[in-house]
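Trainee: For reference, the structure I am asking about is given below.
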Amino acid sequence: MGQRGGAEPAAAGAPPLRRDAELNRRRILQAGREVFAARGLQATLNDVAHHAGLGVGTVYRKYPDKQALAEAVFGEELDEIAAMGREALAGDDAFAALAGFLERALARAAHNRGLRELMRHGIIEGAGPAQARQEITLHCEHLLARARTQGALRDGVTEADIAPIAAMIDAVMALPAEHPSEMWRRYLAILLDGLRARPHQAPLPSLGGAD
Numbered sequence: 631m632g633q634r635g636g637a638e639p640a641a642a643g644a645p646p647l648r649r650d651a652e653l654n655r656r657r658i659l660q661a662g663r664e665v666f667a668a669r670g671l672q673a674t675l676n677d678v679a680h681h682a683g684l685g686v687g688t689v690y691r692k693y694p695d696k697q698a699l700a701e702a703v704f705g706e707e708l709d710e711i712a713a714m715g716r717e718a719l720a721g722d723d724a725f726a727a728l729a730g731f732l733e734r735a736l737a738r739a740a741h742n743r744g745l746r747e748l749m750r751h752g753i754i755e756g757a758g759p760a761q762a763r764q765e766i767t768l769h770c771e772h773l774l775a776r777a778r779t780q781g782a783l784r785d786g787v788t789e790a791d792i793a794p795i796a797a798m799i800d801a802v803m804a805l806p807a808e809h810p811s812e813m814w815r816r817y818l819a820i821l822l823d824g825l826r827a828r829p830h831q832a833p834l835p836s837l838g839g840a841d
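Residue numbers (the numbering used here): 631 to 841.
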C-alpha cells in the first residue's frame, strides 16, 4: 500500500514540507478522523478546521474540498482494516480468524459514524479508499476459502454474504441510543454461529431466492 497515512514524498526537485506544515497536515487528518467519526460525512471543512484549532484557509490549502480530505482520512481508516485482514490470514484456525477479523473491523465502525456511512453508501471512492477496499475484499475471500477448505464453513456461504452481514450489524449499531452500544456483538455472534458448519444442516436458500 502507499504512504497515505505517513509523510508525503516530495516531488522531484521540490523541497520537503516544512516541519510545521507537516504537523498541520497531521493535525488536519486527525481532526478529520475525529469529526467524521462523530458527525458523519455531512461534517464540513469548517468543522474540521475548528476542531483542529486551525484557520479555515490552512485546511483549504492542504485539502481543496471535503472530498479530498475524506479520501485521505478514509484511505487511512481502510488501510488499517486491511492490515487487520492480513494479520487474520496468519491464524491457523481459519474460522476463528474470519470471525476475529469481522469483529475487529466492525468494532472500528461501531463508534465511527462516517465509516459506517462509507460502508453503507460507498460515496468516497478515491484511488486510496478504492484500493484498500479491494484489499479488504480479497482478504475476506481468502479467509472464507481457508475456512471452507478446513471444513469449518457452512455449505453455501459465499463471499457475497459478507457485505449483507456487515449491513445487518450496521442496522443494529444504528438503533436508538437507549439500546446498549455493544449490543451489535450479540447479533454478530448469532450470525457467525450460522456461518459455522455443523452436521445435518439444512441447505441455505440460493442468493437468487430460487428453490
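No residue lacks a Cβ here, since even glycine has one placed at the ideal position from N, Cα and C.
(1) If I follow the unbroken alpha helix (DSSP H) through His830, where does it start and stop?
(2) Suppose the cutoff is 6 Å on Cβ atoms and the five residues either side in sequence are ignored; what does the same chain contact list for Ile658 look like?
(3) Is DSSP giving Leu783 helix, strand or coil here?
(4) Ala775: buried (16+ other C-beta within 10 angstroms of its C-beta) or exposed?
(5) DSSP on Asn599, reduced to helix/strand/coil?
(6) Would you mind working out which of Glu710, Ala782, Asp650 and Arg828 sits nearest Phe725, comparing C-alpha positions?
(7) With 16 as the cutoff for other CB atoms within 10 Å, does Arg663 come out buried or exposed?
(8) Under DSSP, the alpha helix (DSSP H) around Gly705 begins and ends at which residues?
(9) Quick one: is the Cβ of Ala702 within less than 6 Å of any heavy atom of the ligand ZN?
(10) Does the beta-carbon of Asp650 have 16 or more other beta-carbons within 10 angstroms, so that it is buried, or is it exposed?
(11) Here's the rule I'm using: 16 or more other beta-carbon atoms within 10 Å means buried, otherwise exposed. How should Gly715 be labelled?
(12) To the nearest angstrom, how far is the alpha carbon of Pro833 from that of Leu821?
Mentor: Considering the structure as presented:
(1) Taking the first residue of the sequence shown as 1, we reach residue 830 at position 200. Segment: none, His830 is in no alpha helix (DSSP H) and carries neither H nor E.
(2) To locate residue 658, count along the sequence shown from 1; it is residue 28. Same-chain partners within the cutoff: Ala682, Val689 and Lys692.
(3) For the purposes of this step, residue 783 is taken as the residue at position 153 of the sequence shown. Collapsing the DSSP output to three states places Leu783 in a strand.
(4) As a working note, residue 775 is residue 145 in the sequence shown. Classification for Ala775: exposed.
(5) Since the first residue shown for the chain is 631 and the last is 841, residue 599 is missing from the structure and cannot be characterised.
(6) Counting from 1 along the sequence shown, the entry for residue 725 is found at position 95. Nearest of Glu710, Ala782, Asp650 and Arg828 to Phe725, Cα basis: Ala782.
(7) Numbered from its first residue, the sequence shown carries residue 663 at position 33. Classification of Arg663: buried, given that the 10 Å Cβ count is 16 or more.
(8) As a first step, residue 705 is located in the sequence shown; it is residue number 75 there, counting from the start. Per DSSP, the continuous alpha helix (DSSP H) segment holding Gly705 begins and ends at Lys696 to Ala718.
(9) With respect to the ligand ZN, the structure shown offers nothing to examine, as it has no ligands at all.
(10) Against the sequence shown, residue 650 aligns to sequence position 20. Looking at its Cβ environment, which holds fewer than 16 other Cβ atoms inside 10 Å, Asp650 is exposed.
(11) By one-based count along the sequence shown, residue 715 stands at place 85. Gly715 is buried by the Cβ-count criterion.
(12) The residue given as residue 833 occupies position 203 in the sequence shown. The residue given as residue 821 occupies position 191 in the sequence shown. The alpha-carbon atoms of Pro833 and Leu821 are separated by roughly 16 Å.
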